[in-house]
Structures are given as C-alpha cells and as structure tokens.
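Residue numbers (the working numbering): 1 to 208. Below is one structure, written out as structure tokens; the observations come after it.
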Amino acid sequence: MDLYYFETPNGRKPCAVARYLNLPVTFRRVDLTRGEQKAAEYRAINPNGRIPALIDGDVKLWESHAIMAYLAQKAGSSLWPSEPLRQVEVLRWLLWDTAHFSRHAGRLFWENYVKRAFGLGEPNEAEVADATRYFLEFAQVLDAHLEGRDHIVDGGLTIADFGVASMLPTAAEGKLPLTEFAQIRRWHDNLLKIPAWREPWPSAKAAA
C-alpha cells in the first residue's frame, strides 16, 4: 500500500491509523510547499490535488476519513466497528466534524498560522472573529458530549476520535480557544498517550 501524505491535520489521520495498526504501508510524502500535489502524476491519483491519498492494488482512495475506514477494515480493527449502529455513530461524528468543529478550527489555523508561515499576509480579523464564534459554539457541543466518556463513540477507540481530534495538535499555532473546554482537553490528552497519534509521521527511512 502507498499512502500519500504531508504533515497537515488531514495527513495526520491516515498516517496515525496506519502506524497504530502497524500496517505494511509505504509512506510517500507529497511536498505541498513545492506544489507537488498539483502535478499531473499526483492528480491521476487524487484529481482534487489534495492529500492524503491511498493506493492498494486496484483500490485508489482519497479523503482522509475514507482512507482511515479502509485501513481499519483491512486490518479487521475495531477502529471501524463491526456493529452497524456504532458504524453510523462513527459516520455521524466524522460528518459533524467536517461540517463544524474542524471546519472552523481549520479557519483559525489558516488565519493565525498558515498565512504567515507561507507569506500570505496577516490574519483577517473579521474572519478570525467569525471562525472563533463558530468554533466556540461547536466546541461546547463536543465538550458536553465527552462528559463521562473516554471516546467519541461509546465502546472504545474508533476513527471518529482520530478524525475529530485532527486539528487539536495545532491548537497553539491556530490559537484555538480551548481554555473553557476541560472535557475536550482531557480527551485529547489521553489520545496523546497513544504513540501513533502523538507522532504519526514516518521516519525518513520509512518514507519514500
């Protein structure tokens, strides 16, 4: 299997799953700073010109959540539950995250970190204020859900945890306002105890 990645929140998710499951993956770094994701060769793998992507024989996948689910299924792992209702719960939280929580966290990360890092100008204060308002709204939803829970979906660790947590390692750079959300911080502190989540990126020897 070839997993195409870069060190971004979306890249973290499938890399973490692959490392957690100890799958025989060849990690292939796509350097976004050099525009490699826009090359015709890579667009033949992912026509969106984005990372991540996965090739496994005749299977060609893009979208981080789909790749996580595929890797978990291939390994027979409970990261993708076998019970239909828990599968639906995983999907619900991944879709919610894409539409709400990580969406607005990503806006803050872009404005507060990426723009300066790539020489794209100063943060747009109106955009920061709007993203902060929505982030706080949906962080409240997640924080309340996590009260008394160790994982997003009852019954154990799933790809929903890796998906919803994907922006949290960037909290300092993105200036994510997490101070009042003790349950989110507790939950993510526990995830950081998992080596594959804490350090998902392949070593130089493992990457191609």
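Here a beta-carbon is modelled for each residue, glycine too, at the ideal position from N, C-alpha and C. No experiment lies behind these values; they were computed from the predicted model shown.
Report yes if the C-beta distance between residue i and residue j is below 9 Å; otherwise report no.
i: W201; j: Y5; result: yes
i: T158; j: W96; result: no
i: G106; j: M167; result: yes
i: G11; j: L108; result: no
i: L3; j: K74; result: no
i: Y113; j: T170; result: yes
i: E127; j: E111; result: yes
i: V88; j: Y70; result: no
What are the partner residues of residue i, as DSSP defines its beta bridges?
i: D130; result: DSSP lists no partner for D130.
i: T26; result: D2
i: A18; result: Answer is none; A18 lacks a bridge partner.
Which residue wins for smallest C-alpha separation from residue i, given the options the options?
i: R103; options: A139, L91 and G76; result: A139
i: L94; options: F109, A160 and A171; result: A160
i: E211; options: V141, Y42, P52 and D150; result: With the chain represented from 1 up to 208, any question about residue 211 goes unanswered, as that position is not in the structure.
i: D143; options: T33, V59, V164 and A131; result: V164
i: I67; options: F162, P195, L136 and D189; result: F162
i: D130; options: L176, L85, V90 and Q87; result: L176
i: R50; options: D56, K115 and A40; result: A40
Within the present structure, is the beta-carbon of residue i separated from the nearest heavy atom of the ligand NAP by less than 8 Å?
i: G148; result: This structure simply doesn't include the ligand NAP, nor any ligand for that matter.
So, does the segment 116-124 touch the segment 180-187, judging by three or more C-beta pairs under 8 Å? no
Okay, do the segment 155-170 and the segment 75-89 touch, 3+ Cβ pairs below 8 Å being the bar? yes
Just list the alpha helix (DSSP H) runs in the segment 80-141, keeping only unbroken ones of 4 residues or longer that don't cross its boundaries, in chain order. 84-96 and 102-109
May I ask you to verify whether the segment 65-80 touches the segment 11-20, counting CB pairs closer than 8 Å and requiring at least 3? yes
Runs of 4 residues minimum, wholly inside the segment 149-199: which ones carry the alpha helix (DSSP H) assignment? 159-164, 171-174, 182-191 and 195-198
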